[in-house]
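Using UniProt numbering, the letters of the sequence shown map in sequence onto residues 1 to 758.
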Amino acid sequence: MPLRSSLSKWKKRFWESVNPTPSSLDLPGTSTNTHAESVQTLSSTTNALNSSIPANTSNEPSVATTTEVNHSSRVANAASSVAKSLLELLESSTDAFGPLKSAVGGLVQCIDIYERTAKGRNGYEELLKGLQELMNELQKCVPGSVGMEMTNSVKRVCIELAAEVEKVEKKLEGKTIKQLTEAINGHDEITECYRRVQNRLQRLMLNATIAALQGLNEHGETLNQQTEAFERQTEALKIQEMDTRLKEMLPIRAAIYNSAESNDMQRSSCTPGTRQPQIDLILEWVRNSKSAKTFWMNGMAGTGKTTIAYSVCDALDESFGLGASFFCSRSIKKCRQVKHIIPTIAYQLARFSLPFRCALDRVLKSDSDTPTRALNVQYQKLIVEPLLRVKGSLPTDFVVVIDALDECENENSLTQILDLILTPGVALPIRFLLSSRPEPGIFPRMMGRLDEEGKMQLVLHDLDADVVSMDIETYLRRELRDVPLTGEQWSSLIERCGVLFIYASTTSRFIRQGYEMDTLDEAVGTITGSTSVHKGRGDETVIDELYSTILMAAYNRPGMSDANRDRMRSILETVICAQELMTLDSLAHLLNLKSADQVNRLLLPLRSVLNVELTTGLVTTLHASFPDFMCSLDRSGAFHCAQSKRHGALAAACLYMIDTVEPKFNICGLTSSYVLDDEVERLAERVKQAISPGLNYACRYWSAHLYLGDSQDEMLANIRRFFSERLLIWMEILNLTGGMRFGTRIIREAERLCFVNG
1 MPLRSSLSKW KKRFWESVNP TPSSLDLPGT STNTHAESVQ TLSSTTNALN
51 SSIPANTSNE PSVATTTEVN HSSRVANAAS SVAKSLLELL ESSTDAFGPL
101 KSAVGGLVQC IDIYERTAKG RNGYEELLKG LQELMNELQK CVPGSVGMEM
151 TNSVKRVCIE LAAEVEKVEK KLEGKTIKQL TEAINGHDEI TECYRRVQNR
201 LQRLMLNATI AALQGLNEHG ETLNQQTEAF ERQTEALKIQ EMDTRLKEML
251 PIRAAIYNSA ESNDMQRSSC TPGTRQPQID LILEWVRNSK SAKTFWMNGM
301 AGTGKTTIAY SVCDALDESF GLGASFFCSR SIKKCRQVKH IIPTIAYQLA
351 RFSLPFRCAL DRVLKSDSDT PTRALNVQYQ KLIVEPLLRV KGSLPTDFVV
401 VIDALDECEN ENSLTQILDL ILTPGVALPI RFLLSSRPEP GIFPRMMGRL
451 DEEGKMQLVL HDLDADVVSM DIETYLRREL RDVPLTGEQW SSLIERCGVL
501 FIYASTTSRF IRQGYEMDTL DEAVGTITGS TSVHKGRGDE TVIDELYSTI
551 LMAAYNRPGM SDANRDRMRS ILETVICAQE LMTLDSLAHL LNLKSADQVN
601 RLLLPLRSVL NVELTTGLVT TLHASFPDFM CSLDRSGAFH CAQSKRHGAL
651 AAACLYMIDT VEPKFNICGL TSSYVLDDEV ERLAERVKQA ISPGLNYACR
701 YWSAHLYLGD SQDEMLANIR RFFSERLLIW MEILNLTGGM RFGTRIIREA
751 ERLCFVNG
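Structure representation (structure tokens):
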């Protein structure tokens with residue numbers, strides 16, 4: 001049978017087996033007339049496999065006739081031959097995935113054992129026939145023939161397949177002929193393993209079929225020679241259109257656990273040897289297919305939630321079990337907006353699984369605005385419907401991780417998405433690991449679901465204090481391994497950190513900075529000389545004391561002038577109130593400082609609470625607890641960041657930058673306004689030279705700071721001057737920097753403010 005017809009037959013048979021009525025995915029390179037040659041439904045194969053339980057259920061061997069034995073032997077030989085042929089094909093392919101080779105190799109051995117011990121037993125013969133057909137079809141789609149796309153979903157199914165084959169091998173290995181006969185007669189466990197093997201092969205076959213149908217024309221098998229070029233062009237165009245629709249979902253790549261931005265924010269996995277019981281508990285939940293669909297990890301600020309979540313993502317990614325991740329963050333505006341969570345997860349699932357990608361593409365083709373709809377519509381259309389449509393092709397234990405839900409803005413939206421995840425209404429082939437602080441808007445909802453449905457949770461601030469303290473000691477000794485601390489200093493620092501990892505992390509950075517500046521003893525004394533010792537559960541007052549100690553030391557450094565102290569405070573509060581991450585360069589321009597180097601030097605005493613990324617110069621707070629502390633007058637006292645006052649100052653700084661920009665027209669010195677931007681030579685280079693990062697920031701966020709700030713009445717004159725004298729240059733800058741889409745919102749914010757103030 002031609003490859004196209006064989007693949008189309010498989011696709012039709014799969015959908016007949018999982019849907020009440022046949023349906024198909026809209027795949028590049030497929031045509032409805034290819035289903036005409038379908039001669040057998042998948043249900044016939046499935047029924048044969050699912051009925052493959054030996055008729056004799058007693059412990060006595062069944063008696064087979066010579067004819068039955070010979071027939072069984074031929075079936076076993078045929079299955080073994082196909083398995084060996086498939087194994088040879090996999091071993092000759094440089095692209096084939098290791099666990100798939102291992103699984104097929106194990107099947108060869110299991111079939112050989114069957115041939116020696118189970119001849120003539122009804123049921124096993126049908127089982128082998130089904131496996132033979134699956135492997136025979138799979139040979140046509142493995143890497144090296146039509147190029148099955150080895151997505152992480154496929155790799156995960158291969159790993160599951162190898163694990164099930166290994167279970168069969170372990171049950172049969174090292175046994176005598178009599179023991180093997182008894183093992184096979186006691187068929188339940190072995191047969192169930194074989195059924196799971198068959199299930200994984202079916203999932204793998206669907207992935208292979210869809211990939212093959214996508215790539216068919218690229219490998220030259222076309223309906224006829226005259227249409228080859230046309231079909232190849234059509235195929236490429238359809239794949240390109242699918243990728244374009246996925247990108248137009250505007251996923252927030254910065255929210256993916258190991259994004260470049262996560263490196264800027266010093267996000268990483270746990271120090272080796274720490275938090276292992278907690279990580280193992282979560283991974284055991286993942287491996288147990290009968291456990292709850294949702295796992296909630298919660299803990300007070302500084303207990304290590306994000307680091308544990310990162311470690312779990314690392315482990316899942318390595319075993320191809322991570323479907324998607326979204327790490328919320330107050331530091332990055334789009335990472336704290338709930339509306340971006342579902343589209344970003346759907347985008348990653350489309351990269352994880354090719355069948356899901358095709359099902360999602362159908363949704364996007366019918367309504368490209370779905371990613372911007374209400375949360376319940378997003379969830380139903382972008383997650384639920386595609387998952388249900390292709391659940392038969394997916395692995396059984398892949399996970400979506402959403403971290404730091406408490407850092408999302410808009411509590412109403414947050415509760416909506418929690419309700420959607422916790423009560424999907426239908427059983428989805430997916431699990432969710434959620435982490436957050438036990439905030440009032442989250443805790444009751446999560447605990448209610450835990451009580452109702454038995455969902456699992458890990459409460460980090462309720463762990464044994466001695467065990468956590470040992471982990472913190474391991475962490476500190478690794479981070480400060482080259483710092484010459486005395487035994488007494490070590491003991492004092494470890495005691496001071498208690499059970500808060502954020503305390504330990506901040507302390508280690510402060511001590512290392514003191515060591516590098518040759519003031520080690522002074523730095524240790526600053527930390528250990530505070531008035532209280534913390535030994536119990538996480539407590540924000542302990543973190544507050546640490547932050548106050550660090551800020552006191554920074555502002556009271558010997559030789560620090562009042563002017564530099566004011567500049568340091570201005571930079572720190574700007575980092576906290578900024579609408580997006582800012583670089584040293586953009587801070588220097590916006591705050592009218594000499595250079596990025598000056599900003600960097602002013603921030604040196606604050607490096608234990610702020611991070612400056614070496615390559616990009618991005619400045620970020622190291623932990624969400626620090627902005628919380630700074631913005632609370634009760635907690636920070638004299639160090640309090642009055643947000644409305646700082647926003648007002650930033651609005652004035654933004655408008656001043658726009659007002660003083662030169663030249664006031666044609667800022668990039670273009671020769672003609674009639675030439676399209678993409679036709680201008682070196683336009684990107686010209687924009688970079690003419691428009692500073694600070695000016696770019698000012699043009700995008702002046703109205704946001706104005707809206708959030710005080711002294712709005714005093715700003716009305718500046719706003720009038722902007723609209724009467726600087727509107728055109730502002731629009732020009734937005735256009736050149738790709739920000740014109742923000743223009744309407746910016747103007748509306750300013751208009752609303754002017755209306756309120758008369």
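C-beta: ideal position from N, C-alpha, C; glycine also.
Endpoints, the alpha helix (DSSP H) within which residue i is located
i	result
Leu728	727-736
Val542	540-555
Val619	That residue, Val619, is in no alpha helix (DSSP H); its beta strand (DSSP E) goes 618-621.
Cys699	693-708
Gly559	Where Gly559 is concerned, there is no enclosing alpha helix (DSSP H), given that its DSSP letter is neither H nor E.
Val286	276-287
Glu261	260-264
Glu685	683-690
Gly669	Per DSSP, Gly669 belongs to no alpha helix (DSSP H) and is neither H nor E.
Gly648	643-659
Ser636	633-636
Ala717	716-721
Pro627	625-630
Local Cβ density within 10 Å of residue i, reported as buried at 16 or more and exposed below that
i	result
Val399	buried
Ser673	exposed
Asn611	buried
Ser353	buried
Asp406	buried
Met582	buried
Ala578	buried
Met740	exposed
Arg748	exposed
Val459	exposed
Ser724	exposed
Leu587	buried
Arg200	buried
Glu751	exposed
Glu488	exposed
Asp367	exposed
Gly694	buried
Gly525	exposed
Leu433	buried
Phe755	exposed
Leu622	buried
Nearest neighbour of residue i, chosen from the options [CA to CA]
i	options	result
Arg431	Ile345, Leu695, Leu520	Ile345
Thr271	Asp677, Ala717, Ser311, Gln240	Ser311
Gly648	Ser289, Leu716, Gly525	Leu716
Ile733	Ser561, Glu473, Leu622, Val661	Val661
Gly677	Leu736, Leu603, Asp243	According to the sequence shown, residue 677 is Asp rather than Gly. The shortest C-alpha separation from Asp677 is found at Leu736.
Val468	Phe755, Leu500, Glu318, Ser319	Leu500
Asn666	Leu728, Ile719, Met630	Leu728
Ala638	Val680, Pro386, Leu708, Tyr547	Tyr547
Gly273	Gly709, Ser561, Glu473	Glu473
Asp634	Thr396, Lys170, Thr541, Ala292	Thr541
Asp466	Pro444, Met456, Pro440, Glu495	Glu495
Asp566	Phe626, Arg646, Ala504, Ser632	Arg646
Met297	Lys333, Leu375, Met447, Arg601	Met447
Leu706	Ser692, Ala653, Gly529, His589	Ala653
Cβ separation of residue i and residue j, assumed to be a contact under 8 angstroms, to the nearest whole Å
i	j	result
Leu476	Ser436	Not confirmed; about 26 angstroms, so no contact.
Ser153	Asn207	7 angstroms
Arg275	Ile308	5 angstroms
Arg245	Lys381	In fact, because the Cβ distance is near 13 angstroms, the residues do not count as touching under 8 angstroms.
Ala404	Ser329	7 angstroms
Ala327	Thr306	Reading the sequence as shown, one finds Phe at residue 327 and not Ala. Yes, they are in contact, since the Cβ atoms of Phe327 and Thr306 sit about 7 angstroms apart, within 8 angstroms.
Pro343	Pro251	6 angstroms
Range of the contiguous beta strand (DSSP E) that encloses residue i
i	result
Asn611	610-612
_In chain order, each beta strand (DSSP E) run of at least 3 residues that lies wholly inside the UniProt domain "NACHT" (293-438)_ = Counting only runs of 3 or more, we get 294-298, 322-327, 399-403, 431-436.
*Taking the runs of the alpha helix (DSSP H) that are 4 residues or longer, which of them lie wholly in the stretch 453-531?*
465-479, 487-497, 501-516, 520-528
_Report the start-end ranges of each alpha helix (DSSP H) in the stretch 563-607 that is 4 residues or longer and not cut off at the edges._
For the stretch 563-607, the full-length alpha helix (DSSP H) segments reaching 4 residues or more read 584-590, 596-603 along the chain.
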